[in-house]
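The opening position of the sequence shown corresponds to residue 2 in our numbering, with each subsequent residue numbered one higher. For each residue, glycine too, the CB sits at the ideal point set by N, CA and C. What follows is one structure encoded as structure tokens, with my remarks underneath.
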Amino acid sequence: MGQQQLLLLIAGVIIVGIAIVVGVQMFSAQSTEANRDGLTSGIMAITANAYEFKIRPRTLGGGLPTYTNYTIPIKLQSDENGTYTLTSVTANQIQLRAVSSMNPNWIVDATIDSAGKAMISYSGW
Numbered sequence: 002m003g004q005q006q007l008l009l010l011i012a013g014v015i016i017v018g019i020a021i022v023v024g025v026q027m028f029s030a031q032s033t034e035a036n037r038d039g040l041t042s043g044i045m046a047i048t049a050n051a052y053e054f055k056i057r058p059r060t061l062g063g064g065l066p067t068y069t070n071y072t073i074p075i076k077l078q079s080d081e082n083g084t085y086t087l088t089s090v091t092a093n094q095i096q097l098r099a100v101s102s103m104n105p106n107w108i109v110d111a112t113i114d115s116a117g118k119a120m121i122s123y124s125g126w
């Protein structure tokens, strides 16, 4: 093999290596975003469930007109994206925390108001 062919071979190997590294980084970034979106979706499911509890009459197992005594249903406490816990429950407000299963430093906090609207904040991302 000539010297020029060896240089082309080495250049080709380097280009393929760089392409692999870039591909892995792009996949990792996509995976992180998917996890964040999944945690947000889980928070929103719990938000809807909590508001349904708040507006359901007590005779039907609800809390009308408060969030008091609300607990996250077992099926909503965790999923492949992370775990969800209540950090505070008052009559008119609930605070939730979601912790990522990919990285325990990735945290999503949400506050649900009396109208069922959630304010979400992210930390550690």
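Spatial neighbours of residue i in its chain, beta-carbon cut-off 6 Å, leaving aside the 5 residues before and after
{"i": "threonine 67", "result": "Ala92"}
{"i": "serine 124", "result": "Ile108"}
Reference residue i, options the options, closest by Cα
{"i": "glycine 43", "options": "Leu65, Asn106 and Ile75", "result": "Ile75"}
{"i": "threonine 112", "options": "Arg37, Trp126, Met27 and Leu97", "result": "Leu97"}
{"i": "glycine 39", "options": "Ser115, Met120, Tyr85 and Gly117", "result": "Tyr85"}
Residue i burial status per 10 Å Cβ neighbour count (16 or more: buried)
{"i": "isoleucine 101", "result": "Rather than isoleucine, the amino acid found at residue 101 in this sequence is serine. Buried: at least 16 other Cβ atoms inside 10 Å."}
{"i": "isoleucine 19", "result": "exposed"}
{"i": "isoleucine 56", "result": "exposed"}
{"i": "arginine 59", "result": "exposed"}
{"i": "threonine 88", "result": "exposed"}
{"i": "phenylalanine 28", "result": "exposed"}
{"i": "glycine 13", "result": "exposed"}
Cut-off 7 Å between Cβ atoms - residues of its own chain near residue i, not counting five sequence neighbours on either side
{"i": "asparagine 50", "result": "Pro74 and Leu77"}
Run of the alpha helix (DSSP H) containing residue i, from where it starts to where it stops
{"i": "leucine 9", "result": "4 to 56"}
Endpoints, the beta strand (DSSP E) within which residue i is located
{"i": "glycine 125", "result": "Premise fails: glycine 125 is in no beta strand (DSSP E) and is neither H nor E."}
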